[in-house]
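Numbering (the working numbering), first residue to last: 21 to 249.
Input: a single structure, listed below in structure tokens.
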Amino acid sequence: MSPSPVIAPLDVLDGMSDMIGSKTVIPAPLQSSADAFPALVSTIISLRTRDAVTTQVSAAVYRRAPDPVTMASMEQEELEELLRPAGFYRRKAGQLIRIAAQILEEHDGMVPNSREALLALPGVGLKTANFVLGMVFGIPSICVDVHVHRISNRLGLVSTSTPEDTEVALRNIFPEDWWSRINHVMVRFGQTICRPVGPRCAECLFRGWCPEAASRISQHELDKRSGSR
Ligand code: SF4
Numbered sequence: 021m022s023p024s025p026v027i028a029p030l031d032v033l034d035g036m037s038d039m040i041g042s043k044t045v046i047p048a049p050l051q052s053s054a055d056a057f058p059a060l061v062s063t064i065i066s067l068r069t070r071d072a073v074t075t076q077v078s079a080a081v082y083r084r085a086p087d088p089v090t091m092a093s094m095e096q097e098e099l100e101e102l103l104r105p106a107g108f109y110r111r112k113a114g115q116l117i118r119i120a121a122q123i124l125e126e127h128d129g130m131v132p133n134s135r136e137a138l139l140a141l142p143g144v145g146l147k148t149a150n151f152v153l154g155m156v157f158g159i160p161s162i163c164v165d166v167h168v169h170r171i172s173n174r175l176g177l178v179s180t181s182t183p184e185d186t187e188v189a190l191r192n193i194f195p196e197d198w199w200s201r202i203n204h205v206m207v208r209f210g211q212t213i214c215r216p217v218g219p220r221c222a223e224c225l226f227r228g229w230c231p232e233a234a235s236r237i238s239q240h241e242l243d244k245r246s247g248s249r
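This is how it looks when you write it as structure tokens:
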């Protein structure tokens, strides 16, 4: 059974928003089919790639192949060269060309807006599908990446071993109109406070009840901090 947080999940998300400040702007869905293909391409480029590199490489790919027709007709070697600064550039080049071809053949050149159809595209997993659904089409979805999976488990919101299970569990505890917000807030929280290595528990508002905090900071430190509030 998963441990229960002592505050409601929605308050947890609000607490994270407070801690990360107003820097996290949750972008409005693009809701334009013309934007959908570049968004899908950029999401695939971003896998295991730093944000700055993703931005730079996505811009270069977009200039050369802004639509599925152009992408599908590219030589893989040329696309590999554009993708080279990103991780797994050979695999991503082949994947992107196959995705473009499938979108042309099966969806009249339009990125599909259903989870099933997105998951049927070559190499597209739940994380990418959910991100595109929420980001492009404004369809409520929970994009579970490493940050969302780690933080949800550290806090005891869920007790899961895979991102897929985390998504199912989070869908059960958050109302639908909060789903798209979860990724944006937890990613920023995970980059700045609840970091994968060296989480800043002593500065975290959840340190008094977070199950992980006890093993991260000493009781002495906890007492000192609660006494100073
Ligand atoms: S107390 Fe530590 S482990 Fe728990 S949420 Fe905060 S930073 Fe993460």
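Think of the CB as a built atom: it goes at the ideal place given N, C-alpha and C, for glycine as much as any other residue.
Screening all residues for a C-beta within a distance smaller than 6 Å of any heavy atom in ligand 1 leaves Arg174, Leu175, Ile213, Cys214, Pro219, Arg220, Cys221, Cys224, Phe226, Arg227, Cys230, Glu232, Ala233, Arg236, in chain order.
Each residue's CA atom was taken as its position, placing Met130 and Ile27 some 43 Å apart. Taking each of Val73, Arg174, Asp38, Asn203 in turn and checking the Cα distance to Cys230, the smallest one comes out for Arg174. Across the structure, Arg118 and Thr63 are spaced so that their CA atoms are roughly 15 Å apart. Cβ neighbours of Val144 within its own chain (closer than 6 Å, five residues either side excluded): Leu138. Arg68 sits exposed, since fewer than 16 C-beta atoms from the chains shown fall within 10 Å of its C-beta. Comparing C-alpha distances from Gly107 to each of Ile65, Gly114, Ala72 shows the shortest one belongs to Ile65.
In this structure, Val77 lies near Pro105, with their beta-carbon atoms less than 7 Å apart.
Rounded to the nearest whole angstrom, the C-alpha separation of Pro58 and Asp87 is 7 Å. Distance between Glu184 and Leu146, taken at the CA atoms: about 8 Å. In chain order, Arg174, Ile213, Glu232, Arg236 place their CB closer than 8 Å to the CB of Pro219, counting only its own chain and leaving out the 5 sequence neighbours on each side. When C-alpha distances from Pro160 are compared across Ala72, Pro195, Met94, Leu103, the shortest belongs to Pro195. Measuring C-alpha to C-alpha distances from Ile202 to each of Glu100, Gly154, Ala222 identifies Gly154 as the nearest. Between Gly41 and the set Pro216, His204, Ala222, Ala234, the nearest pair of CA atoms involves His204. Cys221 sits in a helix when the DSSP states are folded into three classes.
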